[in-house]
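Q: Numbering (my numbering), first residue to last: 1 to 508. Even glycine gets a Cβ: it sits at the ideal position worked out from N, Cα and C. Dropping the structure in here first, questions after.
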Ligand code: HEM
């Protein structure tokens with residue numbers, strides 16, 4: 001904050017405001033343009049919240065290349081050891097509305113906007129290494145089933161479990177959310193995964209298949225359900241945590257690495273590596289370090305940066321042609337459509353989304369239009385010095401198609417329960433959390449869920465059934481913000497469970 005006033009007050013059209021115009025009592029308030037300016041502007045201050053990932057926070061920083069990956073990709077942003085690129089990062093919770101609770105059991109987002117010399121690269125990641133469905137047509141149904149019930153406007157476990165039992169591939173993702181991994185101890189303490197298998201290429205046009213993963217340098221930490229209920233008494237705990245760490249110059253950082261598969265491996269492995277509801281099997285890939293993401297500046301203005309930011313997975317750069325699976329193909333158009341609705345067709349001209357360089361044939365539309373390409377031709381091809389395309393000699397020529405299977409495969413969910421979770425304590429907490437969600441659903445739906453869990457793993461089904469019996473007889477804890485903490489309970493210890501990230505141990 002500046003020490004003195006930063007200048008004289010004006011109306012939004014620039015007229016200086018007399019001090020007598022700052023009060024309207026006993027005056028002709030409708031001749032007071034300052035008053036009208038204020039009371040009408042506030043009516044239009046809201047824009048639609050994001051349909052998913054509405055609650056979030058963000059920070060600026062940089063990405064530094066620490067390893068030479070030119071063998072795999074020619075992308076300028078990932079090349080040149082020691083080089084830094086400016087970034088803006090947005091953290092989010094998928095299901096929470098604006099103003100929702102950071103400590104809710106949910107999937108988290110970590111989206112990175114790289115302001116690269118070759119254009120914006122948006123890398124969108126989740127805190128789970130797997131997604132919930134493979135068919136893009138399921139997205140609206142899946143989101144409806146996990147967001148608020150249209151009648152009660154409450155979050156509803158019946159609709160969630162109903163959807164999962166009809167689409168069992170979603171179970172693996174849900175088990176992640178119901179486990180310790182479902183509530184990280186803040187955004188700084190979580191890893192993040194881009195999930196899809198990306199195609200990348202080097203300057204010779206050779207293709208590689210990679211999964212991008214961010215590994216937190218703060219260490220992975222999670223909250224138990226009870227711990228989260230306490231932490232959640234401050235609904236903005238996660239945003240506050242990131243903000244305060246940056247203000248204290250304790251800059252949060254992540255290592256960016258990629259799991260790499262060659263074209264040869266892709267052709268011969270016994271599972272579909274493009275399948276987003278499962279992990280890659282150990283031994284079929286190598287892990288290559290790339291660089292470091294560091295957040296070192298809080299935004300000066302939340303709305304102008306975090307709310308107006310538009311991350312679009314289709315924003316890719318040369319050397320990273322991107323994923324080929326069907327889900328990603330839908331994402332290529334979906335985000336642009338959402339952001340046009342939320343921010344206008346010119347969302348890429350909003351400061352936070354602007355690339356370093358752009359020359360386009362698009363014109364006009366809702367502001368901002370910036371210089372609107374001034375007097376340059378507005379059609380292509382033309383004979384009047386309009387911008388021309390370049391030729392990328394390294395663009396991969398070979399094309400192939402990814403076919404998805406419709407088969408239901410419960411093995412990834414079974415693997416998660418038996419091997420990804422590292423001990424019986426983790427497994428028991430998953431069982432308890434799952435049982436609690438079944439208390440409010442109908443007996444018929446409970447039976448369907450137990451049956452699905454039993455098919456996944458007999459022990460899991462049996463334990464959840466037993467846990468449910470206990471939960472039905474135990475009075476349910478009140479909602480988090482109604483929990484009473486004893487006034488002098490200095491001994492209330494934060495039982496934060498620090499867990500080894502065993503994602504890499506898959507199929508060890
Ligand atoms: C068919 C599948 C999917 C569809 C249709 C979809 C759609 C959307 C939409 C419409 C938004 C809001 C965009 C906005 O208003 O700015 C969004 C946000 C987001 N999505 Fe997806 N999504 C899909 C799958 C995924 C997957 C697989 C990931 C994981 C990598 C993911 C990660 C994210 C993240 C991190 C955000 C928040 C971006 C931000 O911080 O603004 N989504 N998604």
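Which residue's Cα is closest to the Cα of residue 251: 360, 391, 218?
A: If we check each option's Cα against that of residue 251, 218 comes out closest.
Q: Determine the burial state of residue 110: buried for a count of at least 16 other Cβ atoms within 10 Å of its Cβ, exposed for fewer.
A: buried
Q: Output yes or no for whether 8 Å exceeds the beta carbon distance between residue 65 and residue 80.
A: yes
Q: Return the CA-CA distance between residue 129 and residue 182, expressed in angstroms with no decimal places.
A: So the two alpha carbons sit approximately 12 Å from each other.
Q: In terms of alpha-carbon separation, which member of 380, 370, 360 lies closest to residue 351?
A: 370
Q: So for residue 199, helix, strand or coil by DSSP?
A: In the structure shown, residue 199 sits in a strand (DSSP, three-state: E or B).
Q: With respect to 7 Å, is the separation between the Cβ of residue 59 and the closest non-hydrogen atom of the ligand HEM below this value?
A: no
Q: Beta carbon of residue 195: closer than 7 Å to some heavy atom of the ligand HEM?
A: At least one heavy atom of the ligand HEM lies closer than 7 Å to the C-beta of residue 195.
Q: I need the boundaries of the alpha helix (DSSP H) containing residue 466, first residue and last residue.
A: First-last of the alpha helix (DSSP H) with residue 466: 458 to 473.
Q: Does residue 84 come out as helix, strand or coil in the three-state DSSP assignment?
A: strand
Q: For residue 172, which option in 462, 419, 444 has the closest C-alpha, if you only look at C-alpha atoms?
A: Taking residue 172 as reference, the option from 462, 419, 444 with the minimal CA-CA separation is 419.
Q: Can you check which of these residues, 202, 389, 8, is closest to residue 69 by C-alpha distance?
A: 202
Q: Between residue 270 and residue 193, what straight-line distance do the alpha-carbon atoms span, to the nearest angstrom?
A: Put simply, the backbone Cα of residue 270 is about 23 Å away from that of residue 193.
Q: Take residue 484 and list the residues in its own chain whose beta-carbon comes closer than 6 Å to its own, dropping the five residues that flank it on each side.
A: Summary for residue 484: the model assigns pLDDT 32, below 50, so the residue's position carries little reliability, and this model does not support an answer.
Q: Could you spell out the range, first to last residue, of the alpha helix (DSSP H) harbouring residue 424?
A: 424 to 438
Q: With residue 452 and residue 277 assumed to form a contact (beta carbons below 8 Å), what rounded beta-carbon distance in angstroms separates them?
A: The pair is not a contact, with the Cβ atoms about 15 Å apart (cut-off 8 Å).
Q: If I follow the unbroken beta strand (DSSP E) through residue 64, where does it start and stop?
A: 55 to 65
Q: Less than 7 Å between the CB of residue 182 and some heavy atom of the ligand HEM, yes or no?
A: no
Q: Residue 198 to residue 304, Cα distance in whole Å?
A: Distance between the alpha carbons of residue 198 and residue 304: 31 Å.
Q: Residue 380: buried (16+ other C-beta within 10 angstroms of its C-beta) or exposed?
A: exposed
Q: Would you kindly report the start and end of the unbroken beta strand (DSSP E) that includes residue 110?
A: 108 to 116
Q: Using three-state DSSP, classify residue 305 as helix, strand or coil.
A: For residue 305, the three-state secondary structure derived from DSSP is helix.
Q: Got a sec, what are the start and stop residues for the alpha helix (DSSP H) residue 157 sits in?
A: 157 to 166
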